[in-house]
Each structure stands twice: as structure tokens, then as C-alpha cells.
Ligand code: SF4
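In C-alpha cells, the structure reads:
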């Protein structure tokens, strides 16, 4: 028998009995592995610090750290999954769990290979959608493919330079020089980023009939159709709010305004599509 039993003798009146008591116990976690959570406001401050931000969320001009977005994203992932230092230091990109196709509130399973865990024992943990999405946030929209290929080419150039001359470390200045080529044409918008590389491709200029203009016309921007537009997770709230407002507005339109209703419905479908593409690539 796999359990230890003791056999006490019980007596009640003139009845004497031999009992059998199973002494096995449920396993309980050892005190040193009990999960302890940081206070929410400390977590917030910590992630802002990693991201080079002040406690109020504004940029800290005195901060001298590098790769702040990456640091903050990894910090968020570690806090959500409870990885040990050794585990997140050596975890490879290909060992990260795949991002679910849609945003979900359910926890996401994170298997940790024995090579990185304490005691070299395979273990699993959990994370949530937001921190995992930040590990590989990609742009979406008509111009996303060009932007991704350009950034991949910058990474390729840096990797080649390091292979050809291992003594040369890709410095911030080197990266800046490579990115400057495209940074000059970037225009930040609340609903999209505009990569004004080729005025001939700018949809707003075509619509305005001014193909020779040297600046985009943000007021006529149709980022869902322009090949120079990209959408990023930071633009999601604007599109989500737009969907919500349009739905309410469409509901309130009377039967006699069919044209207006059809036009707004088309706009709503476009917004829903943009929102879905941000979620799919976030
Ligand atoms: S339509 Fe929008 S994204 Fe395209 S060039 Fe004009 S401002 Fe930029």
C-alpha cells in the first residue's frame, strides 16, 4: 500500500474496535515558492522607469538608458508571468508562446524549456495577452509591409556589420544613422503614422489634386486606404472609440435617411477592419 496508516484502538462502552487512519497529506507549496505580488502602483512606477518615463508618464529628459521600449515590454512580461531572472535572460524568441489570433482575457500558457529553468526541470507558467503582445508588436495597415521590410533591412545591415568586423558594436549612433533615412518622412498622427516617402503615392494629395505638395494633408488622410499609412497598438483607442460612436449614431438615424446610414455603415465597417488588423498584429 503506498500510504502510511496508523491503527488506533477505539473503545465505546463494551465495544472495542481497531480503526485504520490514512496519514497521507496533500502536498503544500514550500514557503519560499509562495507567490508574492508587487503593489500595483509600484509595478506601474517600475515599468515607467524601465521605459524612461517619469511617474506621470511624460518622457524623462535626464534618462540616459537605451532600448527603453524593449526594457519596458520585457519588464511587463516578467511581471505577468513570474519568470526568474535566469529564465527571462536566456529565453529565446522562438521559445515564446505564439500570440492568440484575437485579444483574450484568458491566461496564456508559457512552457519554459529545461535549459533555462532552475534545476533544469521543465515547468510552465502563465501570462496575459497585453504583455505578450508587446514582445512583438507589429504595425498593421496598407504601409505595414514596406515598413517591416525596411526595419528588417536595418537589422540585417547591423548583423552583417557585426559579422564582418566583430570588434564593431552597433552603437546607438549607427542605428540612428540607418533609421534617419526614414525618420525624416515620418509624421505622427493620432489615428495612424504616415510614412511620407513618395508624394506620388500619397492618397491625400491625390484626393486634393495637389500631387506636387511636399507635405501630407493630415486633414484629408484616409489611412485605411493609403499605402503610406501604418496603424500601431497606440492607435487602437482612437479606432475603438470611433467604432463605438458610429454604432450609436447609426442606431439613431431615422428611416428617411438611408443614404446617410449607408455611408456611415461603410465607414463603420472600415473602422472595424482597421481595429481587427491592429489586434491581429499587436
Ligand atoms: S493619406 Fe494619410 S497616410 Fe497617406 S500620405 Fe496622406 S496623410 Fe499620409
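Residue numbers (our numbering): 95 to 376.
Note that CB positions come from ideal geometry on N, CA and C, so glycine has one too.
Here the structure is a predicted model, which means the values were calculated and not measured.
Using C-beta distances below 6 Å, list every residue in its chain close to residue i, excluding the 5 sequence neighbours before and after it, in chain order.
i: residue 392; result: Coverage of the chain is limited to positions 95 through 376, which leaves residue 392 absent and any answer about it impossible.
i: residue 98; result: 117
i: residue 301; result: 314
Using the C-alpha atoms, what's the distance from residue j back to residue i?
i: residue 136; j: residue 238; result: 35 Å
i: residue 210; j: residue 186; result: 10 Å
i: residue 289; j: residue 194; result: 29 Å
i: residue 344; j: residue 299; result: 30 Å
i: residue 131; j: residue 215; result: 24 Å
i: residue 247; j: residue 227; result: 23 Å
i: residue 141; j: residue 156; result: 17 Å
i: residue 308; j: residue 254; result: 35 Å
i: residue 106; j: residue 112; result: 12 Å
i: residue 121; j: residue 169; result: 32 Å
i: residue 245; j: residue 147; result: 25 Å
i: residue 114; j: residue 108; result: 20 Å
Check residue i in the structure and name its three-state DSSP category.
i: residue 281; result: strand
i: residue 206; result: strand
i: residue 248; result: helix
i: residue 190; result: coil
i: residue 288; result: strand
i: residue 147; result: strand
i: residue 114; result: coil
i: residue 304; result: coil
i: residue 165; result: helix
i: residue 109; result: strand
Is it buried or exposed for residue i, if we count other Cβ within 10 angstroms and need 16 for buried?
i: residue 189; result: exposed
i: residue 126; result: exposed
i: residue 351; result: exposed
i: residue 296; result: buried
Which residues in the same chain have their Cβ closer than 7 Å to the Cβ of residue i, if we skip the five residues on either side of it in sequence?
i: residue 229; result: 167, 171 and 190
i: residue 223; result: 194, 197, 198 and 202
Taking 8 Å as the cut-off, does the stretch 358 to 375 touch the stretch 314 to 330 (at least 3 CB pairs, one atom from each stretch)?
yes
Do the stretch 279 to 298 and the stretch 322 to 330 make contact, defined as three or more Cβ pairs closer than 8 Å?
yes
Three or more beta-carbon pairs under 8 Å between the stretch 341 to 357 and the stretch 216 to 235, yes or no?
no
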